[in-house]
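Heads up, the sequence shown is in this note's numbering, so the first residue is 111 and it goes up one at a time. Heads up: the structure comes next, in C-alpha cells.
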Amino acid sequence: MSDQVDHFIGGVPVAEGATFTVYDPVTGSAVREVREADRAVVDRAVTAARTALPGWAALPVAARAAWMRRLADAIEERFEDLVAAEIADTGKSVVQARTLDIPRGAANFRSFAEIAAQHPENAFHLTDVLSYTVRRPLGVVAVIVPWNLPFLLATWKLGPALVAGNTVVVKPSEHTPGSMAVLAEIAASIGLPPGVLNVVHGFGAGSTGEFLVEHPGVDAVTFTGESRTGSAIMKAVADRVKPVSFELGGKNAGLVFADADLDAAVEGSVRSVFTNGGQVCLCTERLYVQRPVFEEFTERLSRRAGQLRFGRPSDPDATMMPMISAEHRDKVLSYYELAAREGAEIRTGGGVPTFGDDRDGGYYVEPTVLTGLPHDSRVNREEIFGPVCHIAPFDTEAEAVALANDSEYGLAATVWTSGLSRAHRVAQSLEAGLVWVNTWYLRDLRTPFGGVKLSGIGREGGTRSLDFYSEPTTITIKL
Ligand code: NAD
Numbered sequence: 111m112s113d114q115v116d117h118f119i120g121g122v123p124v125a126e127g128a129t130f131t132v133y134d135p136v137t138g139s140a141v142r143e144v145r146e147a148d149r150a151v152v153d154r155a156v157t158a159a160r161t162a163l164p165g166w167a168a169l170p171v172a173a174r175a176a177w178m179r180r181l182a183d184a185i186e187e188r189f190e191d192l193v194a195a196e197i198a199d200t201g202k203s204v205v206q207a208r209t210l211d212i213p214r215g216a217a218n219f220r221s222f223a224e225i226a227a228q229h230p231e232n233a234f235h236l237t238d239v240l241s242y243t244v245r246r247p248l249g250v251v252a253v254i255v256p257w258n259l260p261f262l263l264a265t266w267k268l269g270p271a272l273v274a275g276n277t278v279v280v281k282p283s284e285h286t287p288g289s290m291a292v293l294a295e296i297a298a299s300i301g302l303p304p305g306v307l308n309v310v311h312g313f314g315a316g317s318t319g320e321f322l323v324e325h326p327g328v329d330a331v332t333f334t335g336e337s338r339t340g341s342a343i344m345k346a347v348a349d350r351v352k353p354v355s356f357e358l359g360g361k362n363a364g365l366v367f368a369d370a371d372l373d374a375a376v377e378g379s380v381r382s383v384f385t386n387g388g389q390v391c392l393c394t395e396r397l398y399v400q401r402p403v404f405e406e407f408t409e410r411l412s413r414r415a416g417q418l419r420f421g422r423p424s425d426p427d428a429t430m431m432p433m434i435s436a437e438h439r440d441k442v443l444s445y446y447e448l449a450a451r452e453g454a455e456i457r458t459g460g461g462v463p464t465f466g467d468d469r470d471g472g473y474y475v476e477p478t479v480l481t482g483l484p485h486d487s488r489v490n491r492e493e494i495f496g497p498v499c500h501i502a503p504f505d506t507e508a509e510a511v512a513l514a515n516d517s518e519y520g521l522a523a524t525v526w527t528s529g530l531s532r533a534h535r536v537a538q539s540l541e542a543g544l545v546w547v548n549t550w551y552l553r554d555l556r557t558p559f560g561g562v563k564l565s566g567i568g569r570e571g572g573t574r575s576l577d578f579y580s581e582p583t584t585i586t587i588k589l
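Following this line, the structure appears as C-alpha cells:
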C-alpha cells in the first residue's frame, strides 16, 4: 500500500480532493497523506453504490455469500499488508493485530456468509390464510466507523450489509484509513462488482461523514463511535427517517465478588482495562470490589498495571500501546488531572512515560489505577477511553448492582464470582447489552451485540445484523 490514500469508488481509485496527514501514534511522525472527500466525491460514491444496487440485490444469497467467502480468503492472502496498515495507523501491537483485528475481519465476512444461508424466511399458515415475509436489502448503506479497531469494526458491518444485498459507502476514521484502503484493493483484485463496496476518506462534522449521512441517496446509516456523534447523526437523518444502527460509548463496570478466583479476576481485569490502551468500547473503567478483597485486588491490579510494557508495535512482548492522537492523549491526561483535583488516590501511573528515543514524540500515557473518588465524580461518570480505571469497594450484592447500573451508559459489564446462582442473578440485573462472567470480550458472532441507554440503538450480530440490513415485506393471501 502506498503512502498516498485515495478513495475507492465504482471499483477504481479516485484521487480527488484536498489531502490531510495521518500521524504515527508511536513517534508522532507523518505516515501518509489521505484525500478528503467533499460533497461531489461523496455524491459519486453514493451514485456508484446506487448504480450497483439492482444487480447486487438480484443475486441469490448463495452467490453473495460466495463473494463474502472470496473476500475472506483474499483478506487472508493479504494478511500481513493489513497487519502493517493497521499498526502504522494505530500503533497497536503486532501480536494483537495478528490475533484479533485482522483475523476477525476475515471471520466477519465468513461467518455472515454462513449465517445468511441459514436465515429463514417466515411463513404462517392458517386454514384459509397464508402469510409470509420476503426480505429485501435496505439499499445504499453508509458505514461510519471509529479508529480503535478499524478493520474489525468496519468488516463487522460490511459482512452482513453486503450479504443481505446492500451496496455500501464506508467512511473509516480520519486517523485510520489504511486497512480500508487495503480492503478496497482486495475488492478490486477479486473482481467484486464495481460500486458494491466504495470507500471515501475524510473527517466527520462539516466534512465527508456529515455529507455522507445527509446524502439523499443513502438509505440507512450504521455507525460505531461516540454517543454524541450518534446523536448528531440521528438529527441529520431525522427528516428522512433513515434507519440507524448505533454502537456507541460505554462506562463499563466490573464487579469482583469476594468469592471470585482472584488470580483470574486480576488477570481478566488487566485485559479488560488495558487492552488496546483502554481504547475499546468494551473496556472496564469502573471496578467495584467486595470489601474483604478490595485492598488485595487493588494492590495486585496496580502492580500488574505498572508492569505493562511500552513496546513498539513490532515488539511481541509489548502490552501497552500509544493513544491514537495527540488530541486524544491530551483528553486522557485531562482526566488524570481531573481525578487528582476530584480527590483521587493515584495507585499507579497518572502521567506520561519517557523513553529517551523517538517515542517521546508519540502519544503515550501511563496505565493508571485510581481509588477514593466519590461515586458521582466526573471521572466515574464520563467515558475516558484510555488505560485507566477507578476501583471502589462495596459490601452487598444489591449495592454492587446499584452502583454498576447508576450510569448513563449501558454497553458491557463483567462479573467475577464463583457462585453459580450469583453469576446468573447479577448478570440478569445489570443494565448492559453484554455481560461477561469470569471472562471479558469473549465473542460468539451469532449473539446480539450492542448497548442500552447512551450506548446504542439496536443490536447487530448473527441474524440481528441481517434483520437490520434488510426490510421484511409481509405478504398475506386469502386462500
Ligand atoms: P467519533 O464518534 O468521534 O468518530 C467515529 C466516526 O464518526 C469517525 O469516522 C468520524 O469521522 C465520524 N464522524 C464524526 N462526526 C460525525 C458527524 N457529525 N457525521 C458523520 N460522521 C461523523 O468516535 P471515535 O473517537 O472515532 O471512537 C471512539 C468512540 O467510539 C468511543 O466513544 C467508543 O466507546 C466508541 N466505540 C463504540 C463501540 C461499540 O461497539 N459500541 C466500538 C468501538 C468504539
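For glycine and all other residues, C-beta sits at the position ideal for the given N, C-alpha and C. Owing to the predicted nature of the structure, the values given are computational and were not obtained by experimental measurement.
Burial state of GLN400 (16 or more Cβ within 10 Å): Buried, because 16 or more other Cβ atoms sit within 10 Å of the Cβ of GLN400.
Contact test: THR458 Cβ vs the ligand NAD heavy atom, cutoff 7 Å: Not under cutoff, so the answer is no.
Through-space distance from VAL122 to GLU196, alpha-carbon basis: When rounded, the distance between both Cα atoms is 22 Å.
8 Å Cβ cutoff met for PRO247 and GLY275: In contact: PRO247 and GLY275 (Cβ atoms closer than 8 Å).
In chain order, each beta strand (DSSP E) run of at least 3 residues that lies wholly inside the region 300-325: The qualifying runs are 307-309.
Burial state of THR209 (16 or more Cβ within 10 Å): The residue is exposed, with fewer than 16 neighbouring Cβ atoms inside 10 Å.
Outcome for ARG145 when other beta-carbon atoms lying within 10 angstroms are tallied against a minimum of 16: That one is buried.
MET290 versus LEU411 - alpha carbon distance: Rounded to whole angstroms, MET290 to LEU411 spans 36 Å at the Cα level.
GLY335 CB to nearest heavy atom of the ligand NAD below 7 Å: Checking every heavy atom of the ligand NAD against the Cβ of GLY335, one is found closer than 7 Å.
Neighbourhood of LEU418 by C-beta, 7 Å cutoff - its chain only, sequence neighbours within 5 removed: Once the five neighbours on either side are set aside, the close Cβ partners of LEU418 are PHE384, THR429, MET430, PRO477.
Contacting residues, own chain, Cβ-Cβ under 7 Å from LEU263 (five flanking each side not counted): Counting only residues of its own chain and dropping the five nearest sequence neighbours on each side, LEU263 has a CB closer than 7 Å to the CB of VAL255, PRO256, THR334.
Nearest-angstrom beta carbon gap, THR318 and PRO260 [assumed within contact, 8 Å]: With a contact defined as Cβ atoms closer than 8 Å, PRO260 and THR318 miss out at about 16 Å.
beta-carbon CYS499 near the ligand NAD non-hydrogen atom, thresh 7 Å: Not so, every heavy atom of the ligand NAD lies at least 7 Å from the Cβ.
heavy atom of the ligand NAD below 7 Å from ASN386 C-beta: ASN386: no, Cβ never under 7 Å from the ligand NAD.
Nearest-angstrom Cβ-Cβ length linking VAL547 and VAL525, presumed shorter than 8 Å: Contact annotation, VAL547 with VAL525: C-beta distance approximately 5 Å; criterion of less than 8 Å satisfied.
Whole-number beta carbon distance between LYS352 and ALA330, since they are thought to touch under 8 Å: The C-beta distance from ALA330 to LYS352 rounds to 5 Å, short enough to fall under 8 Å.
Rounded C-alpha distance that separates THR481 from PHE234: Straight-line measurement puts the Cα of PHE234 at about 57 Å from the Cα of THR481.
Bounding residues of the alpha helix (DSSP H) (the contiguous stretch that carries LYS281): Secondary structure note for LYS281: it is in no alpha helix (DSSP H), and the uninterrupted beta strand (DSSP E) holding it is 277-281.
Beta-carbon spacing of SER299, ALA184 below 8 Å: Yes; because the gap between Cβ atoms is below 8 Å, this pair is in contact.
Distance cut-off 7 Å: SER283 Cβ against heavy atoms of the ligand NAD: Between the ligand NAD and the CB of SER283, the shortest heavy atom gap is smaller than 7 Å.
Bounding residues of the alpha helix (DSSP H) (the contiguous stretch that carries GLU357): That residue, GLU357, is in no alpha helix (DSSP H); its beta strand (DSSP E) goes 354-357.
Stretch pair the region 130-137 + the region 464-478: three plus CB contacts closer than 8 Å: The answer is yes - the region 464-478 touches the region 130-137, with three or more Cβ pairs under 8 Å.
Start and end residues, alpha helix (DSSP H) containing LYS267: It spans 260-273 - the alpha helix (DSSP H) in which LYS267 sits, taken as one unbroken run.
Test item: CB-CB of VAL479 and ILE494 under 8 Å: It is not a contact, given that the beta carbons lie outside the stated cut-off.
Selection from GLY269, VAL152, GLY496, ARG149 that minimises the alpha carbon distance to ALA176: When each option's Cα is compared against that of ALA176, the closest is GLY269.
Alpha-carbon spacing of VAL390 relative to ALA523, whole angstroms: VAL390 and ALA523 have their C-alpha atoms some 13 Å from each other.
Any non-hydrogen atom of the ligand NAD within 7 Å of THR549 CB: The answer is no for THR549.
Status (buried if at least 16 other CB within 10 Å, exposed otherwise) for ASN308: By the neighbour-count definition (other C-beta atoms within 10 Å, threshold 16), ASN308 is a buried residue.
Alpha carbon of SER341 to alpha carbon of ASP349, nearest angstrom: Going from the Cα of SER341 to the Cα of ASP349 covers about 14 Å.
Which of helix, strand or coil DSSP assigns to TRP550: The answer is coil: DSSP assigns TRP550 none of H, G, I, E or B.
TRP257 beta carbon near the ligand NAD (any heavy atom closer than 7 Å): A distance criterion of 7 Å places the beta-carbon of TRP257 in contact range of the ligand NAD, judged by its closest non-hydrogen atom.
Straight-line gap, ASN218 to ALA168 (C-alpha atoms, nearest Å): ASN218 and ALA168 have their C-alpha atoms spaced approximately 22 Å apart.
Three-pair Cβ contact test at 8 Å for the region 447-458 versus the region 148-167: With a cut-off of 8 Å, the region 148-167 and the region 447-458 do not count as touching, because too few Cβ pairs lie within range.
Beta-bridge pairing of HIS500 - partner residues as DSSP gives them: Residue pairing by DSSP places HIS500 opposite ARG396, LEU480 in a beta bridge.
Cβ pair HIS311, ALA147 closer than 8 Å: Less than 8 Å separates the beta-carbon of HIS311 from that of ALA147.
Identity of the residue in LEU293, THR243, TYR242, ASP516 nearest THR265 by Cα: LEU293 is the residue among LEU293, THR243, TYR242, ASP516 whose C-alpha sits nearest the C-alpha of THR265.
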